[in-house]
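Residue numbers (the numbering used here): 861 to 1270. Glycine included, each C-beta is placed from N, C-alpha and C at the ideal position. A quick write-up on the structure given underneath.
This is the structure we're talking about:
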């Protein structure tokens, strides 16, 4: 029997209701019956203004299911209008075969076997699989089908393990053989799960969440792993000399910033800084405004991507006598960015202007903390990082953007 769309919906809904029942679990002492109303299939079925062709199609489809013995129709009293469509429980196995679905417990066993196969792994795949196993055992549906889950697990493992500088379209071609599939079908799914994983494993400080849209958030998260929407650049200014493998030399000036692309970054042989200090700056406005004697500046753009960190390591390798500082927002994210820079580069970077004095001085410009800010601050305090100023932020419910400080510095 070839099923119509209506017939398939009817049978699928009936099987779902049956498999979610105590009768299916063999834990019910009373006899249960399972039905759908026509309005669950065609919502205007009982309406006086319903399309009569659609009503007729649904009724004919239902009559055909009854003639096959799959359902039994009950009508409204003294009427030919269908009231309820009951499942013939004795035909459940045959119905499953007709609509092409497996028995619920069989599906559950397959899903458990699939996710248990990842439990000996480390990192995301183990974490995600443990989440799905818990859902299955709790009687909930898995978030994505087994084939879709495999794609997502492999994709996120590839993102986390990425060692190259990639564009998102390049990642899509490598993974799917198509430059648009990642953006169209998987970026939001993958980034949502990856951010959940980072938060659950206390790594949420490694990317910027204080953004205006999910799309911007996703791009920032991917940049952490060297995957960019567009070619990435490092913005720098100061007394810096960059030497390339083809013997070219670029002299950066103190009063004008330049941008270095990923392709040029890969050709750098040496970076020589004649200034005494190197300061990373979180926000672009502050980067362009800030000036200081004997100091070079590098713009991080919030939670910096791999390109910025590589450049800082180039500087540190060739200029081990320099002092490194970071100037960011006086908020939990600002201190997380500092921690992330230190962890990722291995450089001893000190905070600059990120102190109690400035927080109190510009308190009138402060904004209240979000719930996430408080959670993040407490996480940093537990780690023993910047305890006094973070406690003060929580007590006073304040945070401060760095732009007001740079505006008043010069």
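From the options, pick the residue whose C-alpha is nearest to that of residue i; which is it?
i	options	result
residue 1227	1201, 1260, 1246 and 1233	1260
residue 947	980, 894 and 978	894
residue 983	936, 1232, 1173 and 1016	1016
residue 991	1061, 900, 886 and 1183	1061
residue 1188	1145, 1109 and 1008	1145
residue 1213	1094, 1257, 1152 and 1030	1152
residue 1139	1121, 1160 and 1124	1160
residue 1221	1090, 1268, 926 and 1169	1268
residue 1133	1253, 1096, 961 and 925	1096
residue 1211	1205, 1108, 1229 and 1186	1186
residue 1113	886, 964, 1102 and 1044	1102
residue 1011	1180, 1257, 985 and 1207	985
residue 1025	1258, 1123, 953 and 921	1123
residue 1149	1266, 868, 1128 and 938	1266
residue 1262	1208, 1141 and 1238	1141
residue 1167	927, 861, 1128 and 926	1128
residue 1264	1045, 1147 and 1046	1147
residue 1209	1180, 1225, 1224 and 1108	1180
residue 1194	1143, 951, 1158 and 950	1143
residue 1090	938, 873 and 1121	1121
residue 1137	909, 1176 and 1109	1176
residue 1253	1239, 1225 and 1190	1190
residue 1046	1022, 950 and 1008	1008
residue 919	907, 941 and 909	941
Looking only at its own chain, which residues have a Cβ that is under 7 Å from the Cβ of residue i, when we skip the five neighbours before and after it?
i	result
residue 1251	1241
residue 1040	1032
residue 1048	1074 and 1078
residue 971	996, 1002 and 1006
residue 853	This structure cannot speak to residue 853, because the chain is shown only from 861 to 1270.
residue 980	none
residue 896	870, 873, 874 and 945
residue 1245	1195 and 1199
residue 1053	988, 1012 and 1016
Confirm the yes/no value for this check: CB of residue i, any heavy atom of the ligand ATP, distance under 7 Å.
i	result
residue 961	The ligand ATP is absent from the structure shown, which contains no ligands of any kind.
For the alpha helix (DSSP H) that residue i lies in, which residues bound it at each end?
i	result
residue 943	No alpha helix (DSSP H) contains residue 943, which is instead part of the beta strand (DSSP E) from 942-947.
residue 898	No alpha helix (DSSP H) holds residue 898; DSSP gives it neither H nor E.
residue 1156	Not the alpha helix (DSSP H): residue 1156 falls in the beta strand (DSSP E), residues 1155-1159.
residue 1061	No alpha helix (DSSP H) holds residue 1061; DSSP gives it neither H nor E.
residue 1200	1192-1205
residue 1267	1263-1269
residue 1249	1247-1256
residue 988	983-997
On the DSSP letters alone, give me the boundaries of the beta strand (DSSP E) that residue i sits inside.
i	result
residue 1123	Here residue 1123 belongs to no beta strand (DSSP E); instead the alpha helix (DSSP H) covers 1122-1125.
residue 930	Neither: residue 930 is in no beta strand (DSSP E) and is coded neither H nor E.
residue 1024	Note, residue 1024: premise wrong, no beta strand (DSSP E); not H, not E.
residue 909	Unbroken run through residue 909: none, as it is neither H nor E.
residue 1186	1183-1187
residue 1111	1109-1112
residue 1137	1137-1141
residue 1128	1128-1133
residue 1209	1209-1211
Can you round the beta-carbon distance between residue i and residue j to whole angstroms, since I take them to be within the 8 Å contact cut?
i	j	result
residue 1219	residue 1192	So it is not a contact: roughly 12 Å between Cβ atoms.
residue 974	residue 1006	5 Å
residue 819	residue 955	The first residue shown for the chain is 861 and the last is 1270, placing residue 819 beyond what the model contains.
residue 1182	residue 1204	That pair is no contact at about 18 Å.
residue 866	residue 917	7 Å
residue 1125	residue 1184	Actually they are not in contact, since the Cβ atoms of residue 1125 and residue 1184 sit about 19 Å apart, beyond 8 Å.
residue 1178	residue 1131	5 Å
residue 1050	residue 1019	7 Å
residue 976	residue 993	7 Å
residue 921	residue 957	The pair is not a contact, with the Cβ atoms about 19 Å apart (cut-off 8 Å).
residue 928	residue 861	6 Å
For residue i, I'd like the list of residues in its chain whose CB is within less than 8 Å of its CB, leaving aside the five on either flank, ordered along the chain.
i	result
residue 1165	1083, 1084, 1086, 1088 and 1092
residue 1066	Any reading at residue 1066 must be qualified, since the residue scores a pLDDT of 48, below 50, and its modelled position is unreliable; no value is offered.
residue 882	888 and 892
residue 884	878 and 964
residue 925	867, 870, 871, 931 and 945
residue 923	933
Excluding the 5 residues preceding and the 5 following residue i in the sequence, name in chain order all residues of the same chain whose CB lies nearer than 6 Å to its CB.
i	result
residue 1135	1098, 1099, 1154, 1155 and 1156
residue 1231	none
residue 1249	1216
residue 880	none
residue 1257	1228 and 1229
residue 1158	1096 and 1140
residue 1056	none
residue 1023	none
Less than 8 Å between CB atoms is the rule here; does residue i satisfy it with respect to chain B?
i	result
residue 1108	Checking the listed chains, one finds no chain B in this structure; it contains a single protein chain.
Item to check | Cβ pair count under 8 Å reaching 3, the region 1110-1127 against the region 1185-1199 | outcome: The region 1110-1127 vs the region 1185-1199: no contact.
Next on the checklist: Three or more C-beta pairs under 8 Å: does that hold for the region 1029-1043 against the region 993-1002?
Outcome noted: Short answer: they don't touch.
Checklist entry - Below 8 Å, can you find three or more Cβ-Cβ pairs linking the region 894-913 to the region 942-959? => result Because the criterion of three Cβ pairs below 8 Å is met, the region 894-913 and the region 942-959 touch.
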